[in-house]
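K.L.:
Chains as they are written, first to last, in my numbering: chain A, 8 to 424; chain B, 99 to 434.
Every residue, glycine too, gets a C-beta built ideally from N, C-alpha and C.
Before we start, here is the structure in question, set down as structure tokens.
Laid out in structure tokens, this is it:
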């Protein structure tokens, strides 16, 4: 009891001092960055941090007349680890702005956490579960990078019409982001008449090591497999599928044939060439702003990937948005960040991949690229642009209420029987 | 066989029957009703072989673990770290030389040396103090994991096995007969079959070493009574070093073998430490044959669980462990 009393007093003193301290040190603003620097998505997290660095460097670590001090946090793609890291950044380091997290279910956890800290501004890193912004969004959570269903806009139609696939098996990790991706891909595919019944869908945990049992259970009578795995999981599956003599063509989820997989040290070449996919970036896009971003990345990170991955790109855009809005309010966060968040919500800016703005639930409206894996001039695997789908929003062009009628993303949505 | 039959007639009949059914399941073309009940034959046979090859890998890791425990009563919780270290060293050597087998050999030797050094520099100082030794191994595993993360980063590495082991081979097992009358044969990754045979070879080699050589005799004597062995003039420290080196080397070897079958990344150390712990708890601490039986049970349970009960498959392994601990706490093949 006494201990609790003392600790409460100490806490009160600490808060008073922290307030006084921050009032004095108004010349710097702390910015938190949270990414998965542990677990199966470690490489993706490292990429995310590269994106943060690139944006900060572009601004010379200064925005709105204040110096930006970066504080980083690490999670392992599980919601509770993200929550722990966010708590540490918000409650101990006292960051007023937090960029992150990386993975889908982490985003859902942070959205709920954001509601308990209305004065802190949360800007999503690259997490792309649908309900982070679609249902019951948090007023202070912003996503400038879109969700997993948005990212796959156009891929379902492409697989059905141009690839001619009719029956598909699905292999995905078992959490909110792949649910979103499976929904985004299958919804148009099955509306056109394609089939991917529930018993041809395989869900594996993040960090699964051994895909042999899944490969054994894959049906023979399908035209292709839709694979929505990320990072190390994708590399492992692709290698083992090659070893098992797998011959079915693949359709890739957004991060399945991203640079974080294509650029890895694994024998995946034969499996992925020609694989169609879609996402917010395309490695070979012929656009000066993208080329510049690519060159900048290659120069700064010689040990990075041959081309920036989605995660570097997402974190770059998110951090840049945070800094642009800071410029707009002249670094003034004194009213609990209200003016800052207004600036964020109205922000519209050009990114290396086209214009980005936010909808009324603070989710991005942005361009999506339909791609196919090829070998580029330097001999590296790269995603070649097939076409650009301009300004896709979260409800895929439908009115909000109508889109909600599709129901929440899950293992069984849509049913595709 | 006859004697066995005389003693346990019911059991023997049951085992024989199960074996016949299993052989039939593997080689016969499945009738329609069976496919309806338990799914396609391809899934079953592949899962069975997957279980066997995974068991092979688990045995390679766990045999070293159980060997060290059996002789020295040292629960080496740094065993997983040695697995990972072996994998990384093997990867570097294989990449630099272009020779996978060289990577395998160097990984074995390097990690064996690491084990010997650990025994000489650390564990000899706290001999007989089991708890302290165990705590030290935990410390070593944590430090080693962070050092390896610093050197090799979080990237997932994937070995390239020798060309002739890459790809799939067709097994002489018919999966289904198509309506056209063509038989479809089952394909399986060549490399994973090689893992199984390597594990069998290592198992036999260990058995010969322990049962047919002079040093092996000393090791067995040491397992039974260390003090007596020392009193009879054997340099027991040398035997300890040898066994620790061998056990660690096996972990390093398994690192390369397992890293090629699956992949290497931070976190694998804990996975294989946990796997070898479960395997030896089920099989019996300190017994090589126990490690083999335990690996077989856990490998098969894991694969069948994943294939047929994907959501709850993970629980199987631990259910088995709980069951064994409840019924036979010393493990299936454990003495004492």
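Have a look at the DSSP bridge pairing and note the partners of residue 210(A).
P.N.:
BP columns for residue 210(A) point to 179(A).
K.L.:
Tell me where the beta strand (DSSP E) around residue 273(B) begins and ends.
P.N.:
Its beta strand (DSSP E) spans residues 266-275.
K.L.:
On the three-state DSSP scale, how would you describe residue 374(A)?
P.N.:
Correct three-state label for residue 374(A): strand.
K.L.:
Quick test of your reading: residue 36(A) and residue 340(A), contact by CB under 8 Å. State the CB separation rounded to the nearest angstrom.
P.N.:
Their Cβ separation, rounded to whole angstroms, is 7 Å, which keeps residue 36(A) and residue 340(A) in contact under 8 Å.
K.L.:
Could you name the residues of the same chain whose beta carbon sits closer than 8 Å to that of residue 261(B), not counting the 5 residues immediately before and after it, in chain order?
P.N.:
Nothing listed; no residue qualifies.
K.L.:
Can you look up residue 144(B) in the DSSP assignment and give me helix, strand or coil?
P.N.:
Three-state DSSP puts residue 144(B) in a helix.
K.L.:
Using a threshold of 8 Å, state whether the C-beta atoms of residue 258(A) and residue 283(A) are closer than that.
P.N.:
Cβ atoms of residue 258(A) and residue 283(A): closer than 8 Å.
K.L.:
State yes or no: is the beta carbon of residue 279(A) nearer than 8 Å to at least one beta carbon in chain B?
P.N.:
It does not: the Cβ of residue 279(A) has no partner Cβ on chain B nearer than 8 Å.
K.L.:
Anything in chain A within Cβ reach of residue 141(B), meaning under 7 Å, just list it in chain order.
P.N.:
In chain order: 223, 224.
K.L.:
Grab the span of the beta strand (DSSP E) containing residue 226(B) for me, first residue to last.
P.N.:
Run containing residue 226(B): none; DSSP gives neither H nor E here.
K.L.:
Within this structure, are the beta carbons of residue 397(B) and residue 153(B) separated by less than 8 Å?
P.N.:
Yes, Cβ-Cβ distance for residue 397(B) and residue 153(B) is below 8 Å.
K.L.:
Would you kindly work out how many angstroms separate the C-alpha atoms of residue 403(B) and residue 149(B), rounded to a whole number?
P.N.:
Those two C-alpha atoms are separated by around 10 Å.
K.L.:
Go ahead and label residue 348(A) buried or exposed: buried means 16 or more other beta carbons lie within 10 angstroms of its beta carbon, across all protein chains shown.
P.N.:
By the 10 Å Cβ count, residue 348(A) comes out buried.
K.L.:
In the DSSP assignment, find the beta strand (DSSP E) that holds residue 159(A) and state where it starts and stops.
P.N.:
It is not in any beta strand (DSSP E) - residue 159(A) carries neither H nor E in the DSSP assignment.
K.L.:
Whole angstroms are fine: how far does the CA of residue 122(B) sit from the CA of residue 416(B)?
P.N.:
Each residue's alpha carbon lies about 30 Å from the other.
K.L.:
Where do the ends of the beta strand (DSSP E) carrying residue 356(A) lie?
P.N.:
Counting along the chain, the beta strand (DSSP E) containing residue 356(A) begins and ends at 355-358.
K.L.:
Report the residue from 315(A), 247(A), 192(A) whose alpha carbon sits nearest the alpha carbon of residue 291(A).
P.N.:
Of the candidates 315(A), 247(A), 192(A), the one whose C-alpha sits nearest the C-alpha of residue 291(A) is 315(A).
K.L.:
Distance, Cα to Cα, residue 71(A) vs residue 34(A)?
P.N.:
Approximately 10 Å, taken between the alpha carbons.
K.L.:
Could you give the residue range of the alpha helix (DSSP H) that holds residue 415(B)?
P.N.:
Its alpha helix (DSSP H) spans residues 411-425.
K.L.:
Using the beta-carbon of each residue, which ones in chain B are nearer than 8 Å to residue 53(A)?
P.N.:
Per Cβ cutoff of 8 Å: 251, 252.
K.L.:
Within its chain, find whatever has a CB closer than 6 Å to the CB of residue 171(B); leave out the 5 residues flanking it on each side and keep chain order.
P.N.:
The answer, listed in chain order, is 228.
K.L.:
Chain C beta carbons: is any one of them nearer than 8 Å to that of residue 426(B)?
P.N.:
No chain C is present in this structure, whose protein chains are A and B.
K.L.:
State the CB to CB distance for the pair residue 398(A) and residue 374(A), rounded to an integer number of angstroms; the pair is presumed to be in contact (CB under 8 Å).
P.N.:
About 6 Å separates the two Cβ atoms, so the contact holds.
K.L.:
Per the DSSP calculation, residue 38(A) is bridged to which residue(s)?
P.N.:
The partner list for residue 38(A) (beta bridge, DSSP) reads 77(A), 104(A).
K.L.:
Between the beta-carbon of residue 178(A) and the beta-carbon of residue 230(A), is there less than 8 Å?
P.N.:
It is not a contact, given that the beta carbons lie outside the stated cut-off.
K.L.:
Output, in sequence order along the chain, the residues in the segment 240-270 of chain A whose CB is closer than 7 Å to any CB in chain B.
P.N.:
The residues in question are 242, 243, 246, 250, 251, 252.
K.L.:
Which runs of the beta strand (DSSP E) at least 3 residues long sit entirely within the segment 309-391 of chain B? Give them in chain order.
P.N.:
Taking only runs of at least 3 residues, no beta strand (DSSP E) segment lies wholly in the segment 309-391 of chain B.
K.L.:
May I have a chain-ordered list of the alpha helix (DSSP H) segments no shorter than 4 residues that lie completely inside the segment 271-359 of chain A?
P.N.:
Here the runs fully enclosed are 276-279, 295-307, 317-335, 345-352.
K.L.:
Along the chain, which unbroken stretches of the alpha helix (DSSP H) at least 4 residues long are found entirely within the segment 187-243 of chain A?
P.N.:
Those alpha helix (DSSP H) runs which fall completely within the segment 187-243 of chain A and span 4+ residues are 219-224.
K.L.:
State the Cα-Cα distance for the pair residue 199(B) and residue 353(B), rounded to the nearest angstrom.
P.N.:
So the two alpha carbons sit approximately 13 Å from each other.
K.L.:
Among residues of its own chain, excluding the 5 on either side of residue 31(A), which ones have a beta-carbon nearer than 7 Å to its beta-carbon?
P.N.:
With a pLDDT of only 45 at residue 31(A), under the threshold of 50, the placement of this residue in the model should not be trusted; the figure read from the coordinates follows. Cβ within range, chain order: n/a, list empty.
K.L.:
Quick one, which of 285(A), 396(A), 99(A) has its alpha-carbon nearest residue 378(A)'s?
P.N.:
Checking every option, the nearest Cα to that of residue 378(A) belongs to 285(A).
K.L.:
With a threshold of 7 Å on Cβ separation, who are the neighbours of residue 388(A) within its own chain once the five nearest residues in sequence on each side are excluded?
P.N.:
Here the set comprises 269, 276, 279, 380, 382.
K.L.:
Residue 362(A) by DSSP, collapsed to three states: which one?
P.N.:
Looking at residue 362(A) - three-state DSSP - the assignment turns out to be strand.
K.L.:
Expressed to the nearest angstrom, what Euclidean distance is found between the alpha-carbon atoms of residue 242(A) and residue 271(A)?
P.N.:
Each residue's alpha carbon lies about 7 Å from the other.
K.L.:
With distance defined between alpha-carbon atoms, name the residue in 47(A), 39(A), 42(A), 40(A) nearest to residue 239(A).
P.N.:
For the residues 47(A), 39(A), 42(A), 40(A), the minimum Cα distance to residue 239(A) belongs to 47(A).
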